[in-house]
Structure formats: C-alpha cells, structure tokens
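Worksheet: one structure, shown below.
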Amino acid sequence: MTDKVLAKRDEFLRSQTIEHEVPTPKEIPQEELMKRVPRPLRHVKYIPVKNLVFFSKHIPPQFSYETKIKTPIPSDKLVVQVRNAGLNPVDLKIMNSYTRNMNREVGLGREFSGVIIEVGAGQRGQWKEGDEVYGLFYHPNLGFGTAQSSILVTPSKDVILKKPSNIGFQAAAGTLYCLGAAFNILDALEAKGQLTEKSNVLINGGTTSVAIFAIQLLKYHYRIPNKLVLLCSEYGATLLKSYFPDLCDELIFVNYVMHSRQIHKPLQDMISNRETISYDATSGQPISIPYDQGKFSIILDFVGGYQLISHTDSLLSKNGAYVTTVGDYKANYSSDVYNAWDNPSAGARKIFGKMLWTFDYTHFHFDPNAKYATKNDWAEKCAELVESEVVKCIVDKVYDWKNFDKALEYVKSGHCHGKVILEVEKF
Ligand SMILES: NC(=O)c1ccc[n+]([C@@H]2O[C@H](COP(=O)([O-])OP(=O)(O)OC[C@H]3O[C@@H](n4cnc5c(N)ncnc54)[C@H](OP(=O)(O)O)[C@@H]3O)[C@@H](O)[C@H]2O)c1
Numbered sequence: 001m002t003d004k005v006l007a008k009r010d011e012f013l014r015s016q017t018i019e020h021e022v023p024t025p026k027e028i029p030q031e032e033l034m035k036r037v038p039r040p041l042r043h044v045k046y047i048p049v050k051n052l053v054f055f056s057k058h059i060p061p062q063f064s065y066e067t068k069i070k071t072p073i074p075s076d077k078l079v080v081q082v083r084n085a086g087l088n089p090v091d092l093k094i095m096n097s098y099t100r101n102m103n104r105e106v107g108l109g110r111e112f113s114g115v116i117i118e119v120g121a122g123q124r125g126q127w128k129e130g131d132e133v134y135g136l137f138y139h140p141n142l143g144f145g146t147a148q149s150s151i152l153v154t155p156s157k158d159v160i161l162k163k164p165s166n167i168g169f170q171a172a173a174g175t176l177y178c179l180g181a182a183f184n185i186l187d188a189l190e191a192k193g194q195l196t197e198k199s200n201v202l203i204n205g206g207t208t209s210v211a212i213f214a215i216q217l218l219k220y221h222y223r224i225p226n227k228l229v230l231l232c233s234e235y236g237a238t239l240l241k242s243y244f245p246d247l248c249d250e251l252i253f254v255n256y257v258m259h260s261r262q263i264h265k266p267l268q269d270m271i272s273n274r275e276t277i278s279y280d281a282t283s284g285q286p287i288s289i290p291y292d293q294g295k296f297s298i299i300l301d302f303v304g305g306y307q308l309i310s311h312t313d314s315l316l317s318k319n320g321a322y323v324t325t326v327g328d329y330k331a332n333y334s335s336d337v338y339n340a341w342d343n344p345s346a347g348a349r350k351i352f353g354k355m356l357w358t359f360d361y362t363h364f365h366f367d368p369n370a371k372y373a374t375k376n377d378w379a380e381k382c383a384e385l386v387e388s389e390v391v392k393c394i395v396d397k398v399y400d401w402k403n404f405d406k407a408l409e410y411v412k413s414g415h416c417h418g419k420v421i422l423e424v425e426k427f
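Listed below in structure tokens is the structure:
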C-alpha cells in the first residue's frame, strides 16, 4: 500500500514538473502520506496536450508536450478531445513548404472527430460536454493541426458538427475535407448552369478520395442519369464496384495504367467509335460496351497535368467545364508545396491561349473555414447528406498515431483507395 501511494505521488510530482526531492518511504509517516494523495485533474489550470508536430520537411515529425490549454477557456471556444485525425495530401504539401528548420512547432492533420470536454460560457446553449463531434480545423499558416490529444475549436471560425450516431469516429474524421471539396465543386457548377441532368462527366483519378465523394454526390444526390466515366486502375475499379455494387452499371472504367502516356486515346476512341472496350478479369477476353454519350460536358481532374487539357477539343464539348483540384502539373505528394501558384510552361500557355475561349477552366481551391461555409451552407448540407447516408466515407487504413511515419508514407505513395486515419491516444 505504502509503495503504491508513494509511486502515485512521485508520478504526480513528475507530471507537474515540480522539482522535489522525494524522501524515502521510511521518512514519511503513514497518515501524512494518505493526506498527500494528488487532487483529480479537473482542478488543474491547464489541459495538458500531446501534439504531433514537425519543424521542417527534412526532420520526421515527433510528439511534443509544449501545448497546454488554459482553463477556463474563452467564452467563444470549445475543447474537443480528439479521437481520430484524417490525413490528406494537403498535409504533405504543407510539410513540403517548410524547407528550413523552424523554431516553432507545426501541427499535422486538418480533419478531426472527438468528444467535447470543455465548453466556453458563450457556447453553453449550443454545445455540452460529452457531445460527439467532427469537423475541420484548418490553420496551415498558424501551424495548428488536429493530430493533438485536445484542440481548442472556435465554432465561428472552424467547421464543427455534431456527429450522427450512425457514423463512427474514424469515418467522421475522414469525411469533411474531401466531401466539402467535392460538394463545393459541384455546387459551383450547378450554380453556373453547367451541372444539369444532361451532364456527361469524366473524372480523372476515379479512386481519389475527392472522386469517391464526387461519384456519390453525382449519382445519389444530383441523380445524374448518364454513366460516369472514371480514369482509374483495374484494382481501383474492382474496389469501387465492391464499395458501390448498385452503381456497377452506372460507371464506365478506363484503365489509366494501360494508357499512362496517352490517357486521352481510349477516351477519344470511345467517343468516336461509340463503344468502350473492357477486358474480362478471368479470361482476358475483350468486352464491348456501347457508349453513346458523346463528348464530356464536365471534366473533373483530381490528378492534374496537361494530358487531358491538351486534348479538350476532342474530349470536351463546346462551353464545357474543366475543373481541377491540382492544376498544371501532375500531383506529386513528395514535392508539391502548399499554395504554390500555377506555372504553365510556354507550350501549355499556347494550348490554354488556343483553347480557353471554348471552355470554362477552373483551378479549384478549397478554403474550409466556417466563414466561407456560410456562403452556401456547404457544411450543414454535407452534414445532412452524411446523416441521411446519401454519402459515406470510405476508410482505407487506420494507423495508431505512434505509427504516423507509416501513415504519411502511405498517403505520400499516392495509391490510397479511401481515407487514411490516425487513431489519437487519450492523454
Ligand atoms: N485544391 C483543393 O482545394 C484541393 C482539395 C482536395 C484535394 N486536392 C488535391 O486533389 C488531389 C486528390 O486528392 P485526394 O485526397 O482525393 O487524393 P488521394 O486519395 O491521395 O488519391 C490517391 C488515388 O489516386 C489514384 N491515382 C494516382 N495516380 C493516378 C493517375 N495518374 N490517374 C488516375 N488515378 C490516379 C490512385 O489510384 P491507384 O493507386 O489505383 O493508381 C489512388 O487511389 C490531390 O492532389 C489533392 O492535393 C486539392
């Protein structure tokens, strides 16, 4: 008993970083020991935080214990104990932009799910301790991430939503960034009259996370009757069919791996020959499927580069829309830098100059902060779509956050088929 109490006391003193010389058990009378049992954590002035941070792209991330959330918290804020943090290519792009060692910590992760553990006085009517939530905490310039045991969220600035009981914490943590991006792209196209029931949509990168949400929105929310044409690998096509078996006849898969240098070619053939050729998975025999949808009215490019844009005359109908989340160069998560400007080569400029008047080109940039969400209520609308199970988050892999290196490597590979999620420890 005495040893146990002493060990507890030592542990407490160490956790408070109080420098005490700890006397040996013999020097302390039993009654004194019983009096000195540490008080429960609720009375400490700070919520301690364990935080996954990096200092530059050259040094691997590490855990830091420097952050503390002071209580009572400001009136307009909430503290969320994070359960899961979703990772995205943007996390790598942010890390890639820190080329020199910083003398401050930069956090990882932009998406979260968790439980509210503190409510600011001004938030009490709307939120309470124990509420299960998910959201976006997008502060790349301030260096705050969601891979922290607790985060201080400002509901007027950050997107935070009550998590419906029908989705788990892991899926919730991977939902809002890519769903929000896909929703806003399609919402803008609809507002411009470009997304209609006649739309014929091609998606480059059919198994990117943004595409997986876009497919669901186009088919289950906008109910676009035409088949969607997806450029993806054979393995990716098999996965999509298994995730959405009801959409098997609504999707046309074009294998980008077989045509990696000329991905426009099978698309041009498909349009001019009015058929698409796929290959039987077991016999390898070609199968002809009729295609009568003509040129595309919308190209959604989640891979980037010029391969499609330089053939828009044969692929995209006049006044069609080309939206890319990536831009002029093919995405490369090892070197791409956050907020880098497009830098088209002279050749591409010529192509743009020749083609731009015939179609509407958008390089989409998603700012997921709450003040932009008020413009079209995208966060509330996405919350409804998630709650009513019109769309779901496909989780590819979940890693304990101690294995963040493996998780980041996997995202960097560019071959995830769904979201990569970190399991954050209770601290
Ligand atoms: N601008 C913005 O606001 C914004 C917002 C969201 C995302 N983004 C960007 O959009 C891109 C997609 O993001 P994400 O998170 O959805 O990506 P992701 O999930 O990391 O994409 C991985 C997928 O891409 C597929 N893929 C890789 N190379 C391909 C190629 N050449 N052709 C077709 N598919 C290919 C892979 O399939 P296989 O393994 O089967 O090859 C894999 O399934 C990223 O560059 C991201 O930074 C930008």
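If you read the sequence shown in UniProt numbering, its first letter stands for residue 1, the second for the next number, and so on. The beta carbon of each residue, even a glycine, is placed where N, CA and C say it ideally should be. Fair warning: this is a prediction, and the values are worked out from it, not measured in the lab.
Alpha-carbon to alpha-carbon, residue j and residue i
| i | j | result |
| --- | --- | --- |
| asparagine 101 | threonine 282 | 52 Å |
| threonine 325 | isoleucine 299 | 11 Å |
| isoleucine 47 | isoleucine 116 | 13 Å |
| asparagine 166 | glutamate 387 | 7 Å |
| glycine 236 | proline 140 | 31 Å |
| glycine 125 | valine 79 | 15 Å |
| tyrosine 279 | glutamine 285 | 5 Å |
| aspartate 292 | alanine 211 | 23 Å |
| lysine 419 | glutamine 170 | 9 Å |
| tryptophan 401 | glycine 294 | 47 Å |
| methionine 258 | tyrosine 138 | 38 Å |
| glutamine 123 | arginine 83 | 21 Å |
| isoleucine 277 | isoleucine 287 | 6 Å |
Residue i and residue j closer than 7 Å at C-beta
| i | j | result |
| --- | --- | --- |
| threonine 208 | phenylalanine 54 | no |
| serine 199 | serine 297 | yes |
| residue 434 | glycine 109 | In this structure the chain extends from 1 to 427, so residue 434 is not present and cannot be described. |
| leucine 408 | alanine 147 | no |
| glycine 320 | glycine 304 | no |
| glutamate 111 | alanine 191 | no |
| glycine 107 | glycine 168 | no |
| asparagine 376 | aspartate 91 | no |
Spatial neighbours of residue i in its chain, beta-carbon cut-off 6 Å, leaving aside the 5 residues before and after
| i | result |
| --- | --- |
| glycine 120 | Ile73, Pro74, Ser75, Asp76 and Lys77 |
| serine 64 | Asn51, Val53 and Glu105 |
| valine 323 | Ile185, Leu300, Thr362 and Phe364 |
| alanine 379 | Val159 and Ala373 |
| valine 229 | Leu202 and Ile252 |
| glycine 414 | Tyr333 |
Rounded Cβ spacing between residue i and residue j (contact assumed at less than 8 Å)
| i | j | result |
| --- | --- | --- |
| lysine 219 | leucine 240 | Actually they do not touch by this definition, with Cβ atoms about 11 Å apart. |
| cysteine 382 | leucine 189 | Going by Cβ atoms, the distance from cysteine 382 to leucine 189 rounds to 16 Å, so no, they are not a contact pair. |
| glutamate 234 | asparagine 255 | 5 Å |
| alanine 331 | proline 89 | 7 Å |
Sequence-distant residues of the same chain with beta carbon closer than 8 Å to residue i, five excluded per side
| i | result |
| --- | --- |
| lysine 426 | Gln81 and Ser149 |
| lysine 68 | Tyr46, Ile47, Pro48 and Val49 |
| isoleucine 263 | Asn204, Leu231, Val254, Tyr256, Gln307 and Leu308 |
Cβ shell of residue i (< 7 Å), same chain only, five flanking positions each side left out
| i | result |
| --- | --- |
| lysine 93 | Asp336, Val337 and Tyr338 |
| tyrosine 243 | Ile394 |
| serine 156 | Asp76 and Ala370 |
| aspartate 249 | none |
| serine 334 | Lys412 |
| serine 97 | Val337 and Tyr338 |
| glutamate 21 | A caution first: glutamate 21 carries a pLDDT of 36, below 50, which makes its placement in the model unreliable, though a value can still be read off. Result list for glutamate 21: empty, nothing under 7 Å. |
Legend entry - Validate contact between the region 151-165 and the region 127-138 using beta carbons, cut 8 Å, 3 pairs: yes
Inset, instruction - For the region 179-189 and the region 267-282, state whether three or more C-beta atom pairs, one from each stretch, are separated by less than 8 Å. - result: no
Legend entry - Three-pair Cβ contact test at 8 Å for the region 361-373 versus the region 383-400: no
Legend entry - Contact between the region 86-104 and the region 53-72 (3+ Cβ pairs under 8 Å): yes
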